[in-house]
Amino acid sequence: MKRFHIVFALMICFSLVFYACAKKIEKKETVLFTDFMGRQVSIPKKVDRIVSMAPNVTEMLFAIGLDNEIVGVTEFCNYPESAKSKAKIGGYYNPNIEVILSLKPDLIVATPDGYSKERIEKLDKSGIPIFIVNPQKIDDVLESMLALGKITGKEEYSKQVVDGLRNRAKIIRDKVSQIPINKRPKVFYEIGQNPLVTVGPGNFVNDLIKTAGGINIAEDAPNSWPIYSVEAIITKNPDIILTAPSTMTSSDKNDTERWSKYRTISAVINNRIYTIDPDILLRSGPRIFDGLERLYSIFYGQ
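Residue numbers for the sequence shown follow this note's numbering, so the first one is 43 and each next one is one higher.
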């Protein structure tokens, strides 16, 4: 009987040790994914703590239901409202690596724009997986959201969200397909005033303008963020001018007054100058579908 008790006790001990080891292995279990830069990234099967390195990434993560998993965001991540209460890891171009490490994330999601090779290498050495998304067009945003859903265990919910956004874009595309090219408005989008900066080819805002049924007068520019001259704008004579507010006091009225001296431009003559929230156009995340609908409404008054 005594021997039985000893054997039984040993069995329990071995079982507990095996269970503890199994739990350790389970925690480290990973799956290999390819991010949008072609990098192979080994990500934990269960993601509990995420740091977002860009405002559009933060909005995508919240949109697919990862509010509780997000533990750190940049200082510029101001949407949705609950993003403001998350720990701040610094700016978009100058994140604080020490703060990021202190948050003990098991996943970092970034974009290539604000991410230097040195930062990637430093975080890579820490063993934290970095998944990079690179949305340059409307459909890229949807694909990014699906990928983020897949790597975080939110695959089914992300599909539902993406289906809803895709349908909103389809409604606009179907309407625009019925409008002849010669009936579509020529558009100039003023992002910066001094110098005068706009959007060119290869820019996702250019994609938004086209999808909403507009013709970007700077589509033939040499780069994605060209500096434009007033003379070129007068020559191309846009029907609509869109502006991004440079200050909290910027408004349609202020921008109309600023452009009013150029009386030969159709947009000025017909008072078609609109100030639009830049975050729904310039952040390539789920709110660009709000931007798409807003643009269509401006272009066609519907």
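Just so you know, even glycine gets a beta-carbon here, dropped at the ideal spot from N, CA and C.
- Boundaries of the beta strand (DSSP E) around L74: T72 to T76.
- DSSP places P222 outside any alpha helix (DSSP H), giving it a letter other than H or E.
- Take F341, set aside five residues on each side of it, and the residues of its chain with a beta-carbon closer than 8 Å to its own are R226, P227, V229, A254, G255, G256 and I282, in chain order.
- Within the region 82-116, the alpha helix (DSSP H) runs of at least 4 residues that lie entirely inside it are, in chain order, 97-105.
- In the DSSP assignment, P137 is bridged to G132.
- Taking R305 as the centre and dropping the five residues before and after it, the same chain places the C-beta of I311 closer than 8 Å to its C-beta, in chain order.
- K217 sits in a helix when the DSSP states are folded into three classes.
- Contact check for A152 against I172 passes: the beta carbons are separated by less than 8 Å.
- Taking the Cα positions, P177 is about 35 Å away from E299.
- Proximity of the region 181-192 to the region 316-335 meets the contact definition, three or more beta-carbon pairs being nearer than 8 Å.
- Within 10 angstroms of the beta-carbon of Y135 lie fewer than 16 other beta-carbons, which makes it exposed.
- For K126, no alpha helix (DSSP H) encloses it, and the DSSP letter there is neither H nor E.
- Taken through DSSP and simplified to helix, strand or coil, N248 comes out as helix.
- The beta-bridge partner set that DSSP reports for T306 is empty.
- The C-beta distance from P97 to F118 rounds to 5 Å, short enough to fall under 8 Å.
- Around the beta carbon of P280, 16 or more other beta carbons sit within 10 angstroms, so the residue counts as buried.
- The three-state reading of DSSP puts Y121 in coil, since its state is none of H, G, I, E or B.
- With contacts defined by Cβ atoms closer than 8 Å, I106 and K196 form a contacting pair.
- Following the DSSP letters along the chain, one finds T153 in no alpha helix (DSSP H), marked with neither H nor E.
- Closest in alpha carbon position to Q82, among L145, I174 and V99, is I174.
- Under the DSSP definition of a beta bridge, K228 partners with I257.
- The C-alpha of G191 lies about 20 Å from the C-alpha of S124.
- Here S200 is buried, its C-beta having at least 16 other C-beta atoms within 10 Å.
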